[in-house]
Structures are given as structure tokens and as C-alpha cells.
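A quick write-up on the structure given underneath.
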């Protein structure tokens, strides 16, 4: 066979056949990787590694204290892309999404940082008072903290799930947080229990404390959607 015949271009039908074979090989490879105990183990590791990476990014961003709410929304955006699109760039996704949410939420974040501090100070003050009225007042403050936590988790989840629709974030967050007692209690339980369940790990509460409640909120949002 001459060199010119070896270098001749493929016919269109041959090109289509080659592309089809390559596609079939990639599909078989993906199916092989995703099947069996090894594939199940890898998928299980993803559900540990990616929320942990999101938690690391949150801790980095939340160093600014008032940045915690935009950082939580960025965590929701990155985890939502991972769940919906398979985007595994969770850590850089959180960092990349943060500036957008900071511009949209920084005023709210300032108030949202001061409010729980004021409620905690009120609880500390009332705890040292002997008057009987102090007990119901403490209960009111604790209830306010619980509602605050659930609402702002819902706000971060809604913002991360639909970053473009900022006008409806607060309305939809109210519905997500308080539209169903069962849903609201579950979100509150996620906020409280996630750090507790992660205590066996040295830095578990820092890694999973923000990300697991966000995943819980995203799951509820997907069911409602």
C-alpha cells in the first residue's frame, strides 16, 4: 500500500462509525466505573468529600464574620450545581459564587449578624434575673433564635438554587422555612444536629455544620419544585 493511500481521509460513513465506536467505548467505561461495589464506594465518598470541601470554603469566607450569610448562599449554589449538573468543583465553586451573593446580601448580612448577638445578650441578661417573668422572656428569645436560624438557612438555599431571581428570595425563603411545620422543624433539627453528629471528627462541626443543613434545604426545595 502506498503512503498516499494510507494518508487518505476517511469517508463520511467511516467517520461516523469511528465516532459511534468512541462514544460506545466511553459509555461502557462510564458504566464500568459506576457499577459494582467500587462505584458505590466512590459515590459514597463523594457525599462526604464534597460537603466537607464546601464547609472548608465556608470557613475561609466566614472569617469576615458578617460574610457568613453570602458564604452560606455560595455553599448552596456550589452544592446545587454538584447535585444537578455533577459539577465537582465545589471548593472553587463556593469561592467563585461568593462575590455575587455578597453584593446582593451584604446589607442583610450586617443586620443578620447583629440580631442573634443581641438575642444572645438578652438571654444572658435574663438568665441572671430572679423575676419569674424572665423565664418566658428567655423562651421568646430562644424561639426567635430558632426562627432566625431556619429562615436564614432557607434564604441561603433559595438564593443558591436560583441566583438570578433575587427579587423573590425572601418570599420563597419564608415559604420554605415556615410553609410547613414538619419542614421547618426538620431544617431546625438539621441546623442543631449537624455539628453534633460531626463531633467525632476533630474539625467535623466546621466542615459539615454549614453544608449538611444546606443539603437538607436543597432536598426540600427540589421536592417542592
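In our numbering, the protein residues as written are 4 to 228. Backbone N, C-alpha and C define an ideal beta-carbon position, used for all residues, glycine too.
Around residue 204, the same chain offers no residue with a beta carbon nearer than 6 Å, after the five sequence neighbours per side are excluded. For residue 164, the CB contacts under 6 Å within the same chain, skipping 5 residues up- and downstream, are 83, 224 in chain order.
DSSP assignment within the region 69-135 yields the following whole alpha helix (DSSP H) runs of 4 residues or more, N-terminal first: 71-88, 93-130.
Going by beta carbons, residue 60 and residue 113 fall outside the 7 Å limit. Its chain contains 64, 101, 104, 105, 107, 108, 109, 112 as the residues whose beta carbon lies nearer than 8 Å to that of residue 73, once the 5 sequence neighbours on both sides are disregarded; these appear in chain order.
Excluding five sequence positions before and after residue 79, the CB atoms of its chain that fall closer than 6 Å to its own CB belong to 159, 160, 163, 217, given in chain order.
Residue 137 is positioned such that its CB atom lies closer than 7 Å to that of residue 129. Separation of the CB atoms of residue 220 and residue 156 is rounded to 6 Å, and the pair is thereby assigned contact status at 8 Å. Counting along the chain, residue 60 sits inside the alpha helix (DSSP H) bounded by residues 39-64. Runs of the alpha helix (DSSP H) lying entirely within the region 128-188 and spanning at least 4 residues, in chain order: 137-164, 172-181. Setting aside the 5 residues that flank it on each side, residue 55 is surrounded in the same chain by 210, each with a C-beta closer than 6 Å to its C-beta; the list follows chain order. With respect to residue 179, residue 197 sits apart: the two C-beta atoms are not nearer than 7 Å. For residue 191 against residue 222, the beta-carbon gap comes to about 15 Å, at or over 8 Å, which does not count as contact. Cβ-Cβ distances below 7 Å link residue 118 to 151 in the same chain, with the five nearest sequence neighbours on each side left out; the list follows chain order. If you ignore the 5 residues before and after residue 207, its C-beta comes within less than 6 Å of the C-beta of 201, all in its own chain and listed in chain order.
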